[in-house]
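A.B. asks: The following block contains the structure, expressed as structure tokens.
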Amino acid sequence: MGRPYAMLRAGFPYLRTIGVKGMVDDPVDMAFGSEDRLYVLGAIIKVLTLDHEVLGTIGTRVTDAKVGREGLHFPIQDGGLFQPCQVVTDSEGNLYVSDEAVHRITAFADDGAVLGVWGEHGSEDGQLNKPSGLACDTADNIFVVDTLNHRVQKFTKDGRFLTNWGRYGTGEGEFRMPWGIALDADGNVYVADWRNDRVQKFTADGDFIFQFGKTGRGDGEFLRPAGLAVDSDYDIYVVDWGNNRVQLFNPDGRYVEKFLGDATMSEPAIAALRTRLRTARIRDSAPLEYERRFRGPKSVRVDDENRMFVPDYESYRIQVYQKHAMQLEPHQLGPPLKAPTLSSN
46 MGRPYAMLRA GFPYLRTIGV KGMVDDPVDM AFGSEDRLYV LGAIIKVLTL DHEVLGTIGT
106 RVTDAKVGRE GLHFPIQDGG LFQPCQVVTD SEGNLYVSDE AVHRITAFAD DGAVLGVWGE
166 HGSEDGQLNK PSGLACDTAD NIFVVDTLNH RVQKFTKDGR FLTNWGRYGT GEGEFRMPWG
226 IALDADGNVY VADWRNDRVQ KFTADGDFIF QFGKTGRGDG EFLRPAGLAV DSDYDIYVVD
286 WGNNRVQLFN PDGRYVEKFL GDATMSEPAI AALRTRLRTA RIRDSAPLEY ERRFRGPKSV
346 RVDDENRMFV PDYESYRIQV YQKHAMQLEP HQLGPPLKAP TLSSN
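In terms of our numbering, the sequence shown is residues 46 to 390.
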């Protein structure tokens with residue numbers, strides 16, 4: 046289905062929690078694989094199932110390198126990850142990881158084999174300065190948010206430069222440290238403009254379409270928007286990092302609702318707590334509402350079933366929600382209202 050005329054929204058309930066510390070450590074992002082595999086990016090990539098089974102790891106954690114303004118003082122081996130930011134998959138199931146410390150992208154096969162490494166520090170076409178957000182289009186081209194160059198760059202899957210757009214500023218098509226990126230089914234590009242506290246929408250060629258958001262803590266406002274996603278209904282999900290929440294917007298950028306976190310403990314977390322007597326005592330004595338909430342989320346992903354996955358960075362888990370909604374045609378709802386509200390009367 047294409048972009049809906051309107052939506053009948055029946056709810057967006059919390060579904061489940063995946064992971065526990067040791068299984069999911071400092072998750073910054075995730076991607077979806079075949080057979081319900083989840084690629085969870087922390088210091089390395091953990092390969093999990095929805096049922097908490099750990100299938101393996103991808104990449105090598107680098108801990109002893111020294112970082113200067115232009116990256117590492119000495120090269121690290123292919124497959125090494127130092128400060129990974131985001132991960133995406135292409136149509137063949139290959140994975141691409143941005144690493145802001147080494148200003149490069151690493152490509153892996155789904156079995157963990159290194160397919161290639163590309164990118165170098167700089168500001169010329171094809172060079173990178175702390176790359177963050179990634180997105181992959183239907184032709185397997187990779188869009189990279191080039192954060193400290195304040196632009197978006199587009200590459201082939203093997204790293205050949207295609208085009209870029211953006212520059213430092215606050216106007217339309219300008220950025221201040223952009224971070225997240227997502228594509229819709231039509232190939233349009235959405236960018237979380239981190240320091241400008243807004244989201245901008247572009248064509249696939251970088252032509253500005255519209256923007257939404259401003260600085261604040263209210264509905265539809267942002268304090269440093271990070272990752273974002275667009276679902277099959279063209280709804281837009283934005284991680285509002287500074288406010289510890291995810292906000293949902295309709296295809297026109299109108300605020301719909303927010304998610305603060307509703308986590309229950311995962312099955313592995315319950316099993317682990319049974320062996321930690323002191324922690325169990327603390328949990329029995331303390332207020333628990335805060336434990337439900339998001340803590341430092343950086344990304345959001347939506348799968349083909351319109352399930353929303355939020356890597357909960359400081360809580361070592363992933364919170365999952367299920368969208369309930371249907372698309373409407375013009376004849377299926379009344380005329381527009383001047384001041385719409387929902388009421389029980």
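The beta-carbon is built from N, C-alpha and C at its ideal position, and this holds for glycine as well.
Values in this document were obtained by computation on a predicted structure and should not be read as measured data.
Does the pairing of the stretch 325-338 with the stretch 77-90 give three or more beta-carbon distances under 8 Å?
C.D. replies: Contact fails: fewer than three Cβ-Cβ distances are below 8 Å.
A.B. asks: Reducing DSSP to helix, strand and coil, say where Pro58 ends up.
C.D. replies: Coil, per DSSP.
A.B. asks: Cα separation between Phe247 and Glu217?
C.D. replies: 10 Å
A.B. asks: Rounding to the nearest angstrom, what Cα-Cα distance links Cys130 and His376 in this structure?
C.D. replies: Straight across, the Cα-Cα distance linking Cys130 with His376 is about 45 Å.
A.B. asks: Leaving out five residues before and five after Gly164 in sequence, what residues of the same chain have Cβ atoms less than 6 Å from its Cβ?
C.D. replies: His148, Arg149, Ile150 and Leu173
A.B. asks: Taking DSSP as the reference, what is the three-state secondary structure of Glu302?
C.D. replies: Glu302 falls in the strand class under three-state DSSP.
A.B. asks: Roughly how many angstroms lie between the CA atoms of Glu350 and Trp239, to the nearest whole one?
C.D. replies: 28 Å
A.B. asks: Suppose you measure from the CA of Thr208 to the CA of Ala314; what does that come to, to the nearest Å?
C.D. replies: Each residue's Cα considered, the two are about 45 Å apart.
A.B. asks: Would the beta-carbon of Arg212 be found less than 6 Å away from any heavy atom of the ligand COA?
C.D. replies: For the ligand COA, the structure offers nothing, since it holds no ligand at all.
A.B. asks: Is Leu173 helix, strand or coil by DSSP?
C.D. replies: strand
A.B. asks: Out of Asp74, Leu93, Asp144 and Leu140, point me to the one whose CA is closest to Val107's CA.
C.D. replies: Asp144
A.B. asks: Could you name the residues of the same chain whose beta carbon sits closer than 7 Å to that of Trp224, not counting the 5 residues immediately before and after it, in chain order?
C.D. replies: Ser177, Gly178, Val190, Thr192, Ala237, Trp239 and Ala271
A.B. asks: Taking the continuous alpha helix (DSSP H) assigned at Thr151, which residues delimit it?
C.D. replies: Not the alpha helix (DSSP H): Thr151 falls in the beta strand (DSSP E), residues Arg149 to Phe153.
A.B. asks: Can you give me the start and stop residues for the alpha helix (DSSP H) that Leu382 sits inside?
C.D. replies: From DSSP, Leu382 is part of no alpha helix (DSSP H); its letter is neither H nor E.
A.B. asks: Does DSSP put Ser168 in a helix, a strand or coil?
C.D. replies: Of the three classes helix, strand and coil, the one that applies to Ser168 here is coil, per DSSP.
A.B. asks: At which residues does the beta strand (DSSP E) containing Tyr213 begin and terminate?
C.D. replies: Membership of Tyr213 in any beta strand (DSSP E) is not indicated, and neither H nor E is assigned to it by DSSP.
A.B. asks: Which of helix, strand or coil does DSSP assign to Ile281?
C.D. replies: In the three-state reduction of the DSSP assignment, Ile281 falls in the strand class, which pools E and B.
A.B. asks: Rounded to the nearest angstrom, what separates Gly124 and Asn139 at their Cα positions?
C.D. replies: 13 Å
A.B. asks: Could you pull the start and end residues of the beta strand (DSSP E) that Asp70 belongs to?
C.D. replies: Per DSSP, Asp70 lies in no beta strand (DSSP E) segment and is marked neither H nor E.
A.B. asks: Helix or strand or just coil, what does DSSP make of Ser330?
C.D. replies: helix
A.B. asks: Would you mind working out which of Val365, Tyr358 and Tyr366 sits nearest Ala466, comparing C-alpha positions?
C.D. replies: Not covered by the structure: residue 466. The range shown for the chain is 46 to 390.
A.B. asks: Tell me, which residues are paired with Arg352 by DSSP?
C.D. replies: Gln367
A.B. asks: Per the contact definition of three or more C-beta pairs closer than 8 Å, is the stretch 298-313 in contact with the stretch 152-169?
C.D. replies: no
A.B. asks: Indicate the three-state DSSP secondary structure (helix, strand or coil) for Ser360 in the structure shown.
C.D. replies: helix
A.B. asks: According to DSSP, is Trp286 helix, strand or coil?
C.D. replies: Assigned with DSSP and collapsed to three states, Trp286 falls in helix.
A.B. asks: Given a cut-off of 7 Å on the beta-carbon distance, is the pair Ala180 and Leu126 in contact?
C.D. replies: no
A.B. asks: Tell me whether Ala317 sits in a helix, a strand or coil according to DSSP, three-state version.
C.D. replies: helix
A.B. asks: Measuring CA to CA, which of Arg321, Asn295 and Arg243 is closest to Asp285?
C.D. replies: Arg243
A.B. asks: Express the C-alpha separation of His195 and Met222 in angstroms, rounding to a whole number.
C.D. replies: 5 Å
A.B. asks: According to DSSP, simplified to helix, strand and coil, what is Asp238?
C.D. replies: strand
A.B. asks: Can you name the residues that DSSP bridges to Ala76?
C.D. replies: Tyr84
A.B. asks: To the nearest angstrom, how far is it from the Cα of Gly263 to the Cα of Val291?
C.D. replies: 12 Å
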